[in-house]
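Down below is the structure, laid out as structure tokens.
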Amino acid sequence: MNRQITRLAVVAIVLLTALIVATTYWQAWAAPSLAERQDNALQRVAEFRIKRGRILAADGRTVLASNVKRRSNGQTVYLRRYPTRGLFAHVVGYSTQVRSRAGLEQALNDFLTGANTNLDTVLDTTFDKLRGATIEGNDVVLTLRPRAQRVAYEAMVGQCGSVVALEPATGRVLVMASVPTYDPNLVERNYGAIARRGTPCRAGAPLVNRATQGLYAPGSTFKVVTAAAALDSGRFELDSTFNDPGYCIEYGDRVNNYDTTRPFGTVNFLQAMQYSINSVFCNVGIRMTALPIIEYMERFGFYGLPPLDTPDGERKASGLYEGGKLFRPKDPNQVDPGRLAFGQERLGVTPLQMAMVAAAIANSGAVMRPQLVQRVQAPDGKRITRLRPDELNRAVSRKTAEDVTRMMEAVVQNGTGTAAQLPGVSVAGKTGTAETGVAGRNNAWFLAFAPSDKPRIAIAVVVENTNGTGGQVAAPIAKRVLQALMPAASNSVPSG
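In terms of our numbering, the sequence shown opens at residue 15 and continues consecutively.
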């Protein structure tokens, strides 16, 4: 009898242990992944009974996402509304019953629904459930500046492209504009209107966040990376001299300067950046070979998804692409080093990545994690979490960053980027004009940071399919956004 009782006890213990393990797995470990699945209909229905937290701009007052209370099938549900419509659409995204979620609405869903594991949130949510009260999510305050964001969109009217502005020392994203944009309020009730809306682009794709998903040839803005690699490696200095005949010879063929009207003759490395001389950078690339340049690309963040707060599927890595896929060569003969050095070859980069390049030079060579979330707070205003600056990597030495800054200052002072000058404020910048394959049509770029002696803002602008150059088209847009972000510059220069 005792043996049978012992066996029963062992079986009972085994079954109880299995039950505990299974329950723990499904409730603790598997639950988050199940909840995040976009096809989890029961979870989505339940979450619309939760009063989602608001999403606010950096000023803490401008509401980017709020709730509208509705009665449905005898239950109270909360549907999302986006008061600023398309102004922050690509970053904020949407949360809908029919088309699920995108943007920060998806990435920060746990915070917004009060499902995060912070102790205060867990206690508040548990008490609300026990009392039968409506569960309230946490509010999220972003780093985006409303006025500057609006200026970016106004400056891009009638054009397609993107503007990204960062705070170099912290990685805060101050502006992230993607044009064309869309009204997230239409996603739930009139999705077809988004697709029908006309855009100035041949491929409009208004739902695509061009700032983080758009891949463009960087053109001469990539010369900032090449110059940083060349100087940091010790192979070249600012006063290294070159002869420019108006072209360089590579694999037996001429590679011409963008401006083919005249050669510059004997120039130093700083002047080569100032006037964006392709032949000089072509020869720098040939002498360095491709792989060392690619190693420095990786230091700046290329070849990895930028670690932003948005969903992984809404970000792309920058680098060389082959057949639509990221291509990391192991053999230097797989890459044309001259064309790579001045930003052509098979390069595909996002505006966010190029803003990170400018910010790294501005931040003495240190690459900071770009961050969109300033803080998360409970419905009563109590802080739950706060942004902390996070250094990802050191791309180049402080001395190299200072030298590249001098080169970029020359670009704006008396080079190809004079349209970005701000009275009383020193600006460091770099123009870029990338050919699209269609005669007379380019993607126009501009990178900058200001003030160049004590940088507060770094910016990248790309304008698609224009007949102008980076200095003519993109630099004035960067100037307007810098003015909006720097009150002193804004007061001294008309905003138009």
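Here a beta-carbon is modelled for each residue, glycine too, at the ideal position from N, C-alpha and C.
* Determine, using beta carbons only, whether A474 and P365 come nearer to each other than 8 Å. => Yes, they are a contact pair.
* Asked: In or out: S176 buried (at least 16 other Cβ within 10 Å) or exposed?
  -> Buried: at least 16 other Cβ atoms inside 10 Å.
* When DSSP labels each residue in this structure, what does L496 get in the three-state scheme? -> Secondary structure at L496: helix, using DSSP grouped into helix, strand and coil.
* Asked: What are the residues that DSSP puts in a beta bridge with C262?
  -> DSSP output for C262 lists V269 as bridge partner(s).
* Rounded separation between R470 and A169 - CA only -> For R470 and A169, the distance between alpha carbons rounds to 21 Å.
* To do: Measure the C-alpha to C-alpha separation of K493 and Q427 and round it to an integer number of angstroms.
  => Looking at the two C-alpha atoms, the distance is approximately 14 Å.
* Pull up the CB-CB distance for L6 and A464, whole angstroms please, since I reckon it's below 8 Å. => Residue 6 is absent from the model: the chain starts at 15 and stops at 510.
* Beta-bridge pairing of S109 - partner residues as DSSP gives them -> The partner list for S109 (beta bridge, DSSP) reads R115.
* Roughly how many angstroms separate the alpha carbons of V495 and E449, rounded to a whole number? -> Going by the C-alpha atoms only, they are around 25 Å apart.
* Asked: Is there contact between the region 350 to 367 and the region 224 to 237, where contact requires at least three CB pairs shorter than 8 Å?
  -> Between the region 350 to 367 and the region 224 to 237 there are three or more C-beta pairs closer than 8 Å, enough to call the two in contact.
* **Residue nearest to R268 in terms of C-alpha spacing, selected from N292, F283, L284, V105** => Ranking N292, F283, L284, V105 by Cα distance to R268 puts N292 first.
* Asked: How long is the line joining the alpha carbons of S378 and A424, rounded to whole angstroms?
  -> Between the alpha carbons of S378 and A424 lies a distance of about 18 Å.
* To do: Output the distance between the C-alpha atoms of S466 and P306, rounded to the nearest integer angstrom.
  => Using only the alpha carbons, I get a separation of about 27 Å.
* Asked: Beta-carbon separation of T118 and I64 under 8 Å?
  -> The residue asked about is misnamed: residue 118 is Leu in this sequence, not Thr. Not closer than 8 Å, so no.
* **Nearest-angstrom beta carbon gap, R164 and L188 [assumed within contact, 8 Å]** => So it is not a contact: roughly 13 Å between Cβ atoms.
* **Check whether L245 and V418 have beta carbons under 8 Å apart** => Result yes, Cβ atoms of L245 and V418 sit closer than 8 Å.
* Compute the Euclidean distance between the alpha carbons of M500 and L284, then round it to the nearest angstrom. => Between M500 and L284, the C-alpha separation is close to 28 Å.
* Below 8 Å, can you find three or more Cβ-Cβ pairs linking the region 205 to 223 to the region 246 to 253? -> Contact between the region 205 to 223 and the region 246 to 253 is absent, because fewer than three Cβ pairs lie under 8 Å.
* To do: Identify the continuous alpha helix (DSSP H) that holds G352 and give its terminal residues.
  => For G352, the uninterrupted alpha helix (DSSP H) run begins and ends at 351 to 355, by DSSP.
* Could you check if D323 is buried or exposed, using at least 16 other CB atoms within 10 Å of its CB as the buried criterion? => Flag for D323 reads buried.
* To do: Go through its chain and collect everything with a Cβ distance to E264's Cβ below 6 Å, but skip five positions before and after it.
  => Excluding sequence neighbours, E264 sits near G352.
* Considering K413, what are the terminal residues of the alpha helix (DSSP H) in which it resides? -> 412 to 428 is the extent of the alpha helix (DSSP H) around K413.
* Asked: What is the DSSP secondary structure of P490, counted as helix, strand or coil?
  -> In this structure, P490 counts as helix in the three-state DSSP scheme.
* How many angstroms separate the CA atom of G315 from the CA atom of M370? -> Rounded to whole angstroms, G315 to M370 spans 8 Å at the Cα level.
* Asked: Is it buried or exposed for S86, if we count other Cβ within 10 angstroms and need 16 for buried?
  -> Answer is exposed; the Cβ neighbour count stays below 16.
* Which residues share a DSSP beta bridge with S80? -> Note: S80 sits in a beta bridge opposite R95.
* Indicate the three-state DSSP secondary structure (helix, strand or coil) for Y317 in the structure shown. => Look at Y317 here: in three-state DSSP terms it is coil, with no helix or strand label.
* To do: Under the assumption that V155 contacts Q388 (Cβ atoms under 8 Å), give the Cβ distance between them as a whole number of angstroms.
  => With a Cβ gap of about 5 Å, V155 and Q388 count as contacting.
* Compare the C-alpha of G152 against each of G67, A442, G172, A453 and name the closest. => The amino acid at residue 152 is misidentified as Gly; the sequence shows Asn. When only C-alpha atoms are compared, the closest one is G67.
* **Uninterrupted alpha helix (DSSP H) stretches inside the region 146 to 206 (no shorter than 4 residues)** => DSSP runs (the alpha helix (DSSP H)) wholly in the region 146 to 206: 160 to 169, 200 to 203.
* What are the boundary residues of the beta strand (DSSP E) that N407 is part of? -> That run of the beta strand (DSSP E) goes 405 to 408.
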